Structure formats: C-alpha cells, structure tokens
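Okay, structure first, notes after.
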Amino acid sequence: MSIDDPEREKYFVDQLGEAGAFLMGRIAYEAVAGFWPTSDHPSAKAMNAIPKVVFSGTRTTADWTESRIASGELAEEIAKLKAEQARISSPRAAPHSRTR
132 MSIDDPEREK YFVDQLGEAG AFLMGRIAYE AVAGFWPTSD HPSAKAMNAI
182 PKVVFSGTRT TADWTESRIA SGELAEEIAK LKAEQARISS PRAAPHSRTR
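Residues in the sequence shown are numbered consecutively from 132, following the working numbering.
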C-alpha cells in the first residue's frame, strides 16, 4: 500500500483517534512540525489534534498545537505517560511521518 492508500489512511487516522499521545524525538518533531499545522492532507486534523510528546534533551519549547517537551529520563517519562493511561502512537506507526 502506498502512503496515499485510502484504506491505510483511514487506519492511521483511526489509530490516532484511539491514542492518548503521539511520541517522537526532536529530529522527527522538527521534520514534521512545519508540515502538519498548515497541511490540507486528510490526516492533518488528527495529527494536529492529538497531544504530542517530544523527547529532547536540547529543545525547550514545542510550538505545534498540543505539543509538549519531555526532557527527563526516557523510562521516567514513559512511566508518567502510562500512569496517565495514555495509549501511545509514534512516527513508526505513521504512514506520513516524513515530509514529502
């Protein structure tokens, strides 16, 4: 299936709708944060609405809507998310995690 396959697109949007957070590192965030906020792509609404957690030891702000920085130890940050009962999604699950 291509990334523009409607069936895969629906699956991705459904997964985002069920997830409590979308996790990514700084590099992934910087690669996609300039694309999704102004995109008219079918996934854009879901990508912009979901809470996003950016793991970074250097970045202190995340301007994309519903984004926050997690700068603590990875295991501790994941434990916090699990305690919040967040179902997690990540760029690996996203068919559009790279800008075109």
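Ideal Cβ placement from N, Cα and C applies to all residues, glycine included.
A quick note: this is a predicted structure, and the numbers were derived from the prediction, not measured.
In the three-state reduction of the DSSP assignment, G156 falls in the strand class.
Per DSSP, F186 is one residue of the beta strand (DSSP E) stretching across 183–186. For R199, the uninterrupted beta strand (DSSP E) run begins and ends at 198–201, by DSSP. By the neighbour-count criterion, in which a residue is buried when 16 or more other Cβ atoms sit within 10 angstroms of its Cβ, E204 is exposed. For K141, the closest alpha carbon among the candidates E161, A177, T169, A201 is that of A177.
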